[in-house]
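Heads up: the structure comes next, in structure tokens.
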Amino acid sequence: MAMDAQAQARTPTPTPTPAPAPAATPSSVPPPPVLAASREPREAMEDTVSSIEKTLALLHQLHCSVSSFSLPSQLLLLERLNGVVKELMTMQSSAQECNLQIPIEVVSFIDEGRNPDEFTKGLLNNCIQRNQSTRGKVDSFKSLRKHLLEEIEEAFPEETDAYRMLRTAALTESRSKAQGSALLSNGDVKVKSEH
178 MAMDAQAQAR TPTPTPTPAP APAATPSSVP PPPVLAASRE PREAMEDTVS SIEKTLALLH
238 QLHCSVSSFS LPSQLLLLER LNGVVKELMT MQSSAQECNL QIPIEVVSFI DEGRNPDEFT
298 KGLLNNCIQR NQSTRGKVDS FKSLRKHLLE EIEEAFPEET DAYRMLRTAA LTESRSKAQG
358 SALLSNGDVK VKSEH
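Each position in the sequence shown, counted from 1, maps to that position plus 177 in my numbering.
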């Protein structure tokens with residue numbers, strides 16, 4: 178009799194569960210909630226993220242129910258399974274309003290088990306290399322222009338002076354137009370920071 182009392186003490190007592198939920202059938206699962214079509218993308222994204230977090234929590238609960246499954250906890254398991262299905266439908270409907278464009282390379286990185294931040298890091302490094310290459314080309318053309326102007330000035334000094342005067346006038350005119358277009362509606366001028 179003492180053994181029976183110890184065995185009963187070790188077995189968990191089933192927790193009372195609410196009324197049994199029907200199994201997940203196409204007719205018993207409610208349709209996903211209809212979300213307002215005029216919502217802002219930020220709201221839709223927040224709803225999707227919230228739904229993903231809820232789904233993860235429900236999946237964790239479902240995992241706990243499955244790992245400690247016993248016949249009396251079958252109704253609880255079905256309720257949690259229905260909750261996951263319902264939340265997945267909510268997630269799908271809210272995700273349809275999100276307009277995300279994810280590069281296929283990022284999806285491939287994730288499929289390979291790699292961190293998507295590696296893709297971003299590689300892309301950034303590639304941009305830096307291209308920027309340095311382009312900067313080198315620009316500097317080369319500036320050097321070539323300077324060298325050509327020096328050579329042309331020796332051969333054609335009068336034409337070079339006329340060219341410089343025209344270039345200065347054109348530069349002054351373009352700056353005044355740029356300042357005119359940089360006026361804000363209140364009359365202030367947009368200031369472009371120079372590096």
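Even for Gly, the Cβ is constructed at its ideal location relative to N, Cα and C.
In this text the structure is predicted, and so the values were computed from the model without any measurement.
Element boundaries [alpha helix (DSSP H), containing residue i]
i      : result
Phe296 : Pro293 to Ala332
Gln269 : Gln251 to Ala272
Cys241 : Pro218 to Ser244
Ser285 : Ile281 to Asp288
Residue i vs residue j beta-carbon contact at 8 Å
i      : j      : result
Leu254 : Val243 : yes
Met222 : Cys304 : no
Ser228 : Glu264 : yes
Leu326 : Thr311 : no
Whole-angstrom C-beta distance between residue j and residue i, which should lie under 8 Å
i      : j      : result
Val261 : Leu233 : So it is not a contact: roughly 10 Å between Cβ atoms.
Arg257 : Gln278 : With 8 Å as the limit, Arg257 and Gln278 do not qualify as a contact, their Cβ atoms being about 34 Å apart.
Exposure of residue i, with buried meaning 16 or more beta-carbon neighbours within 10 Å
i      : result
Gln356 : exposed
Met180 : Reliability of the predicted coordinates at Met180 is poor, the pLDDT of 44 falling under 50, and no value is obtained from them.
Glu331 : exposed
Asp224 : buried
Asn302 : exposed
Ser271 : buried
Asn292 : exposed
Ser353 : exposed
Thr297 : exposed
Arg344 : exposed
Thr153 : This structure cannot settle anything about residue 153, because the visible part of the chain is limited to 178 through 372.
Asn259 : buried
Met268 : buried
Neighbour flag for residue i against chain C, beta carbons, 8 Å
i      : result
Ala332 : In summary, chain C is missing from the structure at hand, where a single protein chain is found.
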